[in-house]
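Single-structure report; data block below.
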Amino acid sequence: MVLRIGHRPERDKRITSHVCLVARAFGAEGIYISGARDQKICSTIKKVCETWGGSFWVEFVSNPLKLIKNWKNNGGVVVHLTMYGLPLREITESICQDGRDLLVIVGGEKVPKEYYLEADYNVAVGNQPHSEVSALAIFLDRINSGEWEHLTFSGAKLRIIPSERGKIVKEFKEEKKDF
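First residue of the sequence shown? That's 91 in the numbering used here, and the numbers climb one at a time after it.
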């Protein structure tokens, strides 16, 4: 699961959608979003799932710290992606061996210190400024050992067929596989 904190519709409209798309494509079941409610994100992701399959969900939360505490109380582990944390390459194995359900936090604005304190792991995907979209993609790829490349999504109407040249898109009537 992913928690996107501090969504600001005017500034983050595309970034938050891209965080959702990366989370979905890399195997997350859904995303919690804190900040201003934005129905455009919900409708965008719903259309993506209708066309490309899967059952990814979006839920807006008003109290993300309460969500984090509940997650931990229910046995889950919280990973906060930040450029100030421990290097991803040094902490990946520990997170994988932990074995608990993950809640991955990505920020959109300056992240309050409470999130650093509540996280079980503060993980740096590099120590230079870059996008939370890239941080999430790299983290999910590493934590899942690239297995996202083999995911199939039930109910897909379209699927891309890999091709060295050109674009091949296959249309499906009904897809039975799930990820």
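Yeah, the Cβ is synthetic: ideal placement off N, Cα and C, and Gly gets one too.
Predicted model only: the values in this text are computed from it and were never measured.
Item	Value
Can you tell me where the alpha helix (DSSP H) holding E204 begins and where it ends?	203-208
Quick check: the Cα distance between S133 and V167, rounded to an integer number of angstroms?	29 Å
Would you mind sorting Y122 into buried or exposed? The rule is 16 or more other CB atoms within 10 Å of its CB.	buried
Please tell me whether K159 has its Cβ less than 7 Å away from any Cβ of chain D.	Among the chains in the structure shown there is no chain D, since it carries only a single protein chain.
Do you know whose CA, among H220, V213, E208, lies nearest E180's CA?	V213
Let me know the secondary structure DSSP gives V196 once reduced to three states.	strand
Report yes or no: do the stretch 137-146 and the stretch 243-261 share at least 3 C-beta pairs separated by less than 8 Å?	yes
Do you know whose CA, among V259, W238, W161, lies nearest A209's CA?	W161
Buried or exposed: where does G125 fall if 16 or more other Cβ atoms within 10 Å of its Cβ makes it buried?	buried
If you reduce the DSSP assignment to three classes, tell me which class P274 lands in.	Not covered by the structure: residue 274. The range shown for the chain is 91 to 269.
Where DSSP assigns a beta bridge to V151, which residues make up the other side?	S124
To the nearest angstrom, how far is it from the Cα of G175 to the Cα of H220?	14 Å
Where does K263 sit, in a helix, a strand or coil, going by DSSP?	coil
Out of L111, N234, K159, V196, which has the shortest C-alpha to C-alpha gap to K137?	L111
Report yes if the C-beta distance between E222 and V196 is below 7 Å; otherwise report no.	yes
Taking only three categories from DSSP, how would you classify H170?	strand
Does DSSP put V92 in a helix, in a strand, or in coil?	strand
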